[in-house]
Structures are given as structure tokens and as C-alpha cells.
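Heads up: the sequence shown runs through residues 21 to 253, numbered per the numbering used here.
Heads up, the beta-carbon is just placed ideally off N, CA and C, and yes, glycines get one too.
Heads up, the thing below is written out as C-alpha cells.
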Amino acid sequence: MENVKTQVLLVEDDPNLGTLLQEYLEAKGFDTKLATDGKKGFDAFCKQEYDLLLLDVMMPVKDGLTLAKEIRVSDKNVPIIFLTAKSMKEDTIEGFNSGADDYITKPFSMDELMARITAVLRRSNKQRVYNSDDVSFSIGDYTFNSETQALGHNGAEQKLTTKESQLMRLLCVHKNDVLDRNFALKTIWHDDNYFNGRSMDVYIAKLRKYLKEDSKVEIVNIHGKGFKLLVNT
């Protein structure tokens, strides 16, 4: 299976900084599109789906705050980090009111930027951690293969349905971390409406039943957030 890269849209009008950041992010494994003003950034955003937006605040044609507000009309969930030379409290508040998930003030170190990116992606459950080994998982005394949709335990095998397998895989990818409820619904059911939510609760109950033979493994509800596959060692 091929690696799935995190898609980043970087909108920065300083050509030197923009190129430097793009090269750094690509070296870190992110697929990064660079746009040099707010209008070009919005055009790029409309052409494909991104996992993270890095927006400069002060830009020609359209500033980052305006761009973020326009993006939030169509996408309320994509993580946004503002890059800005401003440090006044009022500007920070305006940034968050425009839909920012984080805010980093220039000049900043690459290590600080990467730490903020990692934290924002983790919080949003948008970080893609799939790799060539991500079809097979160890869950306490259980094994799970998402390609064959098989859950194994002590030589016995439970065949999962497609949606059970998709949900189990998301839980495994986020093992011991929170799987956001809306993220799971949109990923598997493509809609986070009430009825799909009830359907997912039924699947969670089924997966709990399948995993009941190992007391070290449990799926817990995280109130207001989602679910967590806990594997105690």
C-alpha cells in the first residue's frame, strides 16, 4: 500500500519564506501546495481537499483573515494555522474568530512550526498515519487484518462486515487516542447526521462484543468527542 501524504495548502506572499517553508514541509513528508496571495489560495483550496491550511495574515489581494472566513463557509473542519508578524492580543482574537486553530508569530523556528502542526493535526484527527504495515494490527490478544476483514483470537477468526472493518481500522489507527465521532462518521458514512450516528453506535456495540474475550482491551466512550480503543499492557 502506498503512503498517503498529508495535504497542506501554504498561502504566503513572501516568496523566500514561502519557498523555504514549502521545501521544509515536503522534506518532512507533507505534500505542500504554495499560493502567493489570498485569491490564489482560495482558488487552490477550491480545487482539492487539504488536511491543513497555513495562512499568512498580511497578504495582497486578499488577507488571511478574509480568506479563512471564506473557507469556513464551505469547510468548518479543516485545520487552519495563521502565520503572522503581528503579536497584539486583538489580532490573535481576530484570528481565532476567523476560524483559526492555532496562531504562530514570525519569526518562528521550524521546530516550533512542526510542533504546532503536529498538535493541530492530532487534535483534528486529520493526521494520516497510514503506512505499508497499516493493514495488520495487534490489539492485546487479538489480531486484525483490514484487508481480509478478519479479527483473530486464540486461533479463531471472526469475519467482520465492511463497515465493522472500516470502523475497527479507524479505532486501531487511533489506538489509545480519541477517534473523533464526526470524523469517523464522515469517513465511513460520508455524513454525520443523527441516523448514521445511531448506526455507528450499533457497530461500536458489536465490536465491543467481539473484543470481550480480552479484559485488557475495551472501547470507551469519550463524552462529547468520540471513542477510544484502550489496550492496557
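C-beta atoms of residue i and residue j nearer than 8 Å
| i | j | result |
| --- | --- | --- |
| Pro99 | Asp121 | yes |
| Ser205 | Asp197 | The sequence shown places Leu at residue 205, rather than the Ser named in the question. No; because the gap between Cβ atoms is not below 8 Å, this pair is not in contact. |
| Pro80 | Asp34 | no |
| Lys248 | Met134 | no |
| Leu74 | Val28 | yes |
| Val140 | Lys195 | no |
| Leu103 | Ile124 | yes |
| Gly246 | Leu199 | yes |
| Tyr162 | Asp71 | no |
| Ala88 | Gly38 | no |
| Leu187 | Leu227 | yes |
Helix, strand or coil at residue i according to DSSP, with G and I counted as helix
| i | result |
| --- | --- |
| Asn196 | coil |
| Glu90 | helix |
| Phe215 | helix |
| Leu72 | strand |
| Val155 | coil |
| Asn202 | helix |
| Thr26 | coil |
| Leu190 | helix |
| Thr181 | coil |
| Asp161 | coil |
Residue burial classification, residue i (beta-carbon count within 10 angstroms, cutoff 16)
| i | result |
| --- | --- |
| Cys66 | exposed |
| Lys25 | exposed |
| Gly175 | exposed |
| Tyr214 | exposed |
| Leu40 | exposed |
| Phe50 | buried |
| Ala105 | exposed |
| Tyr150 | Its pLDDT being 39, under 50, Tyr150 is placed unreliably by the model, and the measurement read from it follows with that caveat. Exposed: under 16 other Cβ atoms inside 10 Å. |
| Phe164 | buried |
| Gly244 | exposed |
| Val222 | exposed |
| Arg218 | exposed |
| Thr52 | buried |
| Leu208 | The question names Leu, but residue 208 is Ile in the sequence shown. By the neighbour-count rule (16 or more Cβ atoms within 10 Å), Ile208 is buried. |
| Met21 | Interpretation of Met21 is limited by its pLDDT of 36, a score under 50 that renders its predicted location unreliable; no figure is taken from the coordinates. |
| Ile101 | buried |
Unbroken beta strand (DSSP E) run spanning residue i, endpoints
| i | result |
| --- | --- |
| Glu233 | Glu233 -> no beta strand (DSSP E), and no H or E assigned at all. |
| Gln169 | No beta strand (DSSP E) contains Gln169, which DSSP labels as neither H nor E. |
| Lys248 | Gly246 to Val251 |
| Leu54 | Asp51 to Ala55 |
| Asp122 | Asp122 to Thr125 |
Where the alpha helix (DSSP H) through residue i begins and ends
| i | result |
| --- | --- |
| Asp63 | Gly58 to Lys67 |
| Asp131 | Met130 to Ser144 |
| Ala105 | Careful: Ala105 lies outside any alpha helix (DSSP H) and carries neither H nor E. |
| Asn36 | Pro35 to Ala47 |
CA-to-CA distance, residue j to residue i, given in whole angstroms
| i | j | result |
| --- | --- | --- |
| Lys229 | Val240 | 13 Å |
| Lys59 | Leu30 | 13 Å |
| Gln42 | Leu54 | 7 Å |
| Arg189 | Thr168 | 12 Å |
| Asn36 | Asp63 | 22 Å |
| Lys179 | Arg201 | 24 Å |
| Arg92 | Ala170 | 39 Å |
| Val77 | Arg142 | 23 Å |
| Gly61 | Ser158 | 42 Å |
| Lys183 | Ser166 | 11 Å |
| Lys126 | Ser144 | 24 Å |
| Leu45 | Val193 | 23 Å |
| Asn97 | Leu191 | 20 Å |
| Thr56 | Leu85 | 15 Å |
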